[in-house]
Amino acid sequence: MKDNKKINFILPANYNYAIGGFKIVYQYANWLVEQGFVVSMCYCYAPNEPKAYATFKRVVDTKILKFSNRKTEVTWFPLKNAIKSFYNCIFPSDIPDADIIFATGAKTAPFVSSLSKEKGEKFYFIQSYEAECFGNKKGFAEKTYNMGMTNIVISNELREKVLESGAGEPKYLPNFYNHNEFYLENSVEDRKNIICLLNHAQETKRTKFGLEILREVKKVIPDLEVQLFGAYDPLEELENWIHFTKNANTEQLRNKIYGVSKIYLLPSVLEGWGLTGMEAMASGALVVASRIGGIVDYANDANSILVEPDNKKEFVDNIIEMLQNDGKRIAITYKANEDVRQYVIDKSGERLIKIINGEI
Numbered sequence: 001m002k003d004n005k006k007i008n009f010i011l012p013a014n015y016n017y018a019i020g021g022f023k024i025v026y027q028y029a030n031w032l033v034e035q036g037f038v039v040s041m042c043y044c045y046a047p048n049e050p051k052a053y054a055t056f057k058r059v060v061d062t063k064i065l066k067f068s069n070r071k072t073e074v075t076w077f078p079l080k081n082a083i084k085s086f087y088n089c090i091f092p093s094d095i096p097d098a099d100i101i102f103a104t105g106a107k108t109a110p111f112v113s114s115l116s117k118e119k120g121e122k123f124y125f126i127q128s129y130e131a132e133c134f135g136n137k138k139g140f141a142e143k144t145y146n147m148g149m150t151n152i153v154i155s156n157e158l159r160e161k162v163l164e165s166g167a168g169e170p171k172y173l174p175n176f177y178n179h180n181e182f183y184l185e186n187s188v189e190d191r192k193n194i195i196c197l198l199n200h201a202q203e204t205k206r207t208k209f210g211l212e213i214l215r216e217v218k219k220v221i222p223d224l225e226v227q228l229f230g231a232y233d234p235l236e237e238l239e240n241w242i243h244f245t246k247n248a249n250t251e252q253l254r255n256k257i258y259g260v261s262k263i264y265l266l267p268s269v270l271e272g273w274g275l276t277g278m279e280a281m282a283s284g285a286l287v288v289a290s291r292i293g294g295i296v297d298y299a300n301d302a303n304s305i306l307v308e309p310d311n312k313k314e315f316v317d318n319i320i321e322m323l324q325n326d327g328k329r330i331a332i333t334y335k336a337n338e339d340v341r342q343y344v345i346d347k348s349g350e351r352l353i354k355i356i357n358g359e360i
């Protein structure tokens, strides 16, 4: 690796609210700066629209009448000052030259694949299976895997998706969490009957299904309380035993949400890598989750309760058992808290550098 190698991350439009995939990219960016890389963030204005139309929209949106929620700042995550940010990018000229360039989502992949070699050697950081549920046409995600870039996947299920598309073997890069943000601050033993759940607008996260499960649990555990959290407002009226925190910061998550809950319910049917599950484990909440790819990379039957995704009764029964059997809950929780500590950015970052250098 030559000194001061330049790296560009190409991201979708910036709306300046917490997104798990963005957070992982930002953490890598900060870490790479610490290793001596020169890092830039480039946010696409509308990467899936024709350039002429996107340009017209950008002019109106930024010069005449602001009609979108796109932002030209990132305030929810502490990016290092050395990182340069380029917003509302449409043309290759909006992207600085670099040694390495990363597409970070399916909609950014065609744009990155079309860039000249001056923009950098091309890598595709695949963090989720962005199929129709992401607003893409059928087969679009698979097409992006075959654009000639070096594919990098964060889970074994994503590896299978890439191979099924006909593309070659991708590079495996497991996720991590920030150990300075999420750790065991509150006693595991002395927690009340509190369960936390992510509130999300994306249907694959299944917030509505999670609330249905918890309402069934409430019938058996009358003192149950729920800590609901997320970047989106709830889509339904909530009972007074369900408390909602919007845009919770890491201290709130660690100390007031994960850190007071006996259980974190993760009922998703699709995850690239269920980052919130690791955060919950680190903070002392037992993970009760769907047995799906992106979760089973770090969760197993020894450190979590894994349930077939559509078996509501099994979810309800397991949650009730864990609330009533403190000994079993505590043992599994401590096992998870120990297991999850292996997922550190230094290990993933060093592997990323080896991928960039062609050593893996």
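Number 200 in full-length UniProt numbering belongs to position 200 of the sequence shown; there are no gaps in the numbering. Yeah, the Cβ is synthetic: ideal placement off N, Cα and C, and Gly gets one too.
For the 8 Å CB-CB criterion, Trp76 and Ile345 do not form a contact. Among the bridge pairs identified by DSSP, Gln227 is matched with Cys196, His243.
Around the beta carbon of Phe91, fewer than 16 other beta carbons sit within 10 angstroms, so the residue counts as exposed.
Taken atom to atom, the span from the alpha-carbon of Asn136 to that of Glu130 is near 7 Å. When the alpha-carbon of Val112 is set against those of Gly327, Asp94, Ala248, the nearest one is in Asp94. Excluding residues up to 5 positions away in sequence, Asn14, Tyr15, Asn16 lie with their Cβ nearer than 7 Å to the Cβ of Lys71 in the same chain. Nearest Cα to Lys246 within the set Phe176, Ser187, Lys138, Asn199: Asn199. The beta carbons of Tyr264 and Val287 sit closer together than 8 Å. DSSP lists Leu266, Leu306 as the beta-bridge partner residues of Ala289. When rounded, the separation of the alpha-carbon atoms in Ser290 and Tyr177 is 20 Å. Within the stretch 50-117, the complete alpha helix (DSSP H) runs of at least 4 residues fall at 51-59, 109-113. In this chain, the alpha helix (DSSP H) harbouring Ile24 covers 20-34.
Annotated three-state conformation of Tyr258 is helix, per DSSP.
Unbroken beta strand (DSSP E) runs of no fewer than 3 residues, entirely contained in the stretch 123-167, are found at 150-153, following chain order.
Relative to the Cα of Asp339, the nearest Cα in the group Glu314, Thr207, Asn300 belongs to Asn300. The bridge partners DSSP lists for Ser348 come to none.
According to DSSP, residue pairing for Asn8 in a beta bridge involves Ser40, Ile101. Where Tyr334 is concerned, the enclosing alpha helix (DSSP H) starts and stops at 326-339. Straight through space, the alpha carbons of Gly105 and Tyr145 are spaced by roughly 11 Å. The beta-carbon separation of Tyr124 and Gly349, rounded to 18 Å, does not stay under the 8 Å limit for a contact.
Non-local C-beta neighbours of Ser187 in its own chain, meaning closer than 7 Å and more than five positions away in sequence, are absent. Considering only Ser68, Thr62, Gly21, Arg58, the residue with the shortest C-alpha distance to Ala103 is Gly21.
By the 16-neighbour rule on beta-carbons within 10 angstroms, Pro267 is buried. Nearest to Leu11 by alpha-carbon distance, out of Asn180, Ile319, Ser68, Pro110, is Pro110. Between Glu225 and Trp241, the beta carbon gap of about 5 Å places them in contact (Cβ cut-off 8 Å). Only buried fits Glu279, as 16 or more other CB atoms lie within 10 angstroms of its CB.
Distance from Tyr87 to Tyr43 at the Cβ level is roughly 5 Å; contact confirmed, criterion being Cβ atoms closer than 8 Å. Nearest C-alpha to Ile7 among Lys122, Pro170, Thr55: Lys122. By the Cβ neighbour-count rule, Asn175 is buried, with 16 or more other Cβ atoms within 10 Å of its own. For Val217, the enclosing alpha helix (DSSP H) starts and ends at 207-220. Comparing alpha carbon positions, the residue from Ala201, Gly259, Val260, Ile213 closest to Asp233 is Ala201.
With a contact defined as Cβ atoms closer than 8 Å, Leu214 and Ile195 qualify at about 6 Å. In this structure, Gly272 places its C-beta atom within 8 Å of the C-beta atom of Leu158. Shown here, Glu121 sits in a strand according to DSSP, grouped into three states. Between Val316 and Glu216, the beta carbon gap of about 5 Å places them in contact (Cβ cut-off 8 Å). The Cβ atoms of Ala98 and Lys119 lie closer than 8 Å to each other.
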